[in-house]
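Numbering (full-length UniProt numbering), first residue to last: 1 to 266. Virtual Cβ for every residue (Gly too), placed ideally from N, Cα, C. It should be emphasised that the depicted structure is a prediction, and the values quoted were computed from it without experimental measurement.
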Ligand SMILES: C[C@](O)(CO)[C@H](O)COP(=O)(O)OP(=O)(O)OC[C@H]1O[C@@H](n2ccc(N)nc2=O)[C@H](O)[C@@H]1O
Ligand SMILES: Nc1ncnc2c1ncn2[C@@H]1O[C@H](COP(=O)(O)OP(=O)(O)OP(=O)(O)O)[C@@H](O)[C@H]1O
């Protein structure tokens with residue numbers, strides 16, 4: 001069986017406070033985008049994991065797909081699997097790629113072995129693997145709060161716009177990015193701001209990671225500026241970065257980026 005884990009962008013991200021467990025309460029809107037990895041599993045005699053495409057830092061045994069498999073295997077009788085992950089979603093990007101792979105692996109196991117887990121049960125498993133992992137069980141636009149694993153429905157459809165996503169040649173660690181931010185309660189909750197027309201987002205919707213991440217990596221700020229120069233209605237870093245997206249009324253004429261930048265029309 002083969003599934004295609006998608007990426008997400010964050011539209012607005014407020015970091016509200018630091019919790020006793022070291023995590024942060026936040027509010028954000030997760031919006032799925034059609035940029036995908038490919039994840040395949042077939043029955044085998046021994047458990048095996050391999051990946052192709054973008055090289056994943058760290059050791060293969062720590063891959064979130066294997067963590068998902070081992071977690072579910074504690075509760076269900078699963079056979080050994082040969083797992084192949086083809087990686088296209090940039091890493092250290094704030095696009096949730098690793099979390100998506102893990103969530104889709106839970107979905108794959110549920111479907112392939114008829115585990116009869118409902119959405120809530122799969123989300124409970126996913127939450128154990130990462131703060132934004134549960135989002136990818138349904139992968140529909142949501143307002144997220146808590147650690148980023150609690151959801152409310154949001155009515156948001158950007159299909160009339162042209163979305164461009166650009167990954168600069170920088171890797172931002174999520175944990176480091178959180179350490180750089182001073183939490184604060186916003187004047188107006190994101191749940192209200194997201195109802196504004198896209199044309200007004202520039203003035204009102206912010207990502208709290210940008211200030212400190214831009215200080216460390218000024219090229220991300222430069223990238224944001226160049227998308228506004230190209231006529232974007234709204235530009236933001238996604239999550240903890242380093243990827244930046246622009247929302248345009250029509251497909252834009254972009255400046256020529258160095259080949260170390262990866263540009264996706266999504
Ligand atoms: C920043 C976002 O990308 C926004 O969408 C996500 O909240 C990050 O989610 P994630 O990558 O699944 O995060 P995890 O893998 O659970 O956590 C990585 C590290 O980020 C920090 N972390 C994460 C989520 C959160 N609400 N508070 C945190 O402080 C913690 O130091 C944690 O050790
Ligand atoms: N399937 C996977 N895909 C990508 N990274 C993985 C995977 N499994 C484990 N990882 C580890 O996760 C790290 C990337 O996580 P990190 O949270 O910093 O970045 P991210 O991909 O931008 O995700 P997020 O949007 O959740 O912040 C990598 O260094 C890698 O070692």
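Local conformation of residue i per DSSP, three classes
i, result
"residue 88", "coil"
"residue 256", "coil"
"residue 106", "helix"
"residue 170", "coil"
"residue 120", "helix"
"residue 142", "strand"
"residue 227", "helix"
"residue 238", "coil"
"residue 185", "coil"
"residue 164", "strand"
"residue 247", "strand"
"residue 81", "strand"
"residue 2", "strand"
"residue 93", "coil"
"residue 157", "coil"
"residue 56", "coil"
"residue 76", "coil"
"residue 175", "helix"
"residue 147", "coil"
"residue 61", "helix"
"residue 232", "coil"
"residue 98", "helix"
"residue 114", "coil"
"residue 198", "helix"
Residue i - containing beta strand (DSSP E), residue span
i, result
"residue 18", "6-18"
"residue 43", "38-43"
"residue 150", "150-153"
"residue 207", "Neither: residue 207 is in no beta strand (DSSP E) and is coded neither H nor E."
"residue 50", "48-53"
In DSSP terms, what residue i is bridged to
i, result
"residue 32", "8"
"residue 24", "18"
"residue 132", "Residue 132 is not bridged to any residue."
"residue 261", "For residue 261, which the question treats as bridged, DSSP gives no partner whatsoever."
"residue 193", "DSSP lists no partner for residue 193."
Reference residue i; option with closest CA among the options
i, options, result
"residue 33", "233, 142, 74", "142"
"residue 260", "84, 168, 223", "168"
"residue 110", "95, 41, 49", "41"
"residue 162", "4, 232, 68", "232"
"residue 237", "230, 209, 264, 67", "209"
"residue 115", "76, 151, 175, 205", "76"
"residue 10", "27, 255, 4", "27"
"residue 4", "181, 198, 86, 234", "86"
"residue 60", "202, 140, 83, 103", "83"
"residue 219", "132, 166, 131", "166"
"residue 45", "81, 25, 22", "81"
"residue 147", "127, 160, 159", "127"
"residue 56", "43, 106, 89, 15", "89"
"residue 64", "13, 103, 35, 38", "103"
"residue 48", "193, 67, 144, 178", "67"
"residue 152", "226, 221, 139", "139"
"residue 250", "13, 1, 164, 134", "164"
"residue 12", "6, 38, 196", "196"
"residue 227", "212, 211, 202", "202"
"residue 170", "207, 16, 223, 62", "223"
Unbroken alpha helix (DSSP H) run spanning residue i, endpoints
i, result
"residue 217", "Run containing residue 217: none; DSSP gives neither H nor E here."
"residue 270", "Nothing about residue 270 can be read from this structure; the chain reaches only from 1 to 266."
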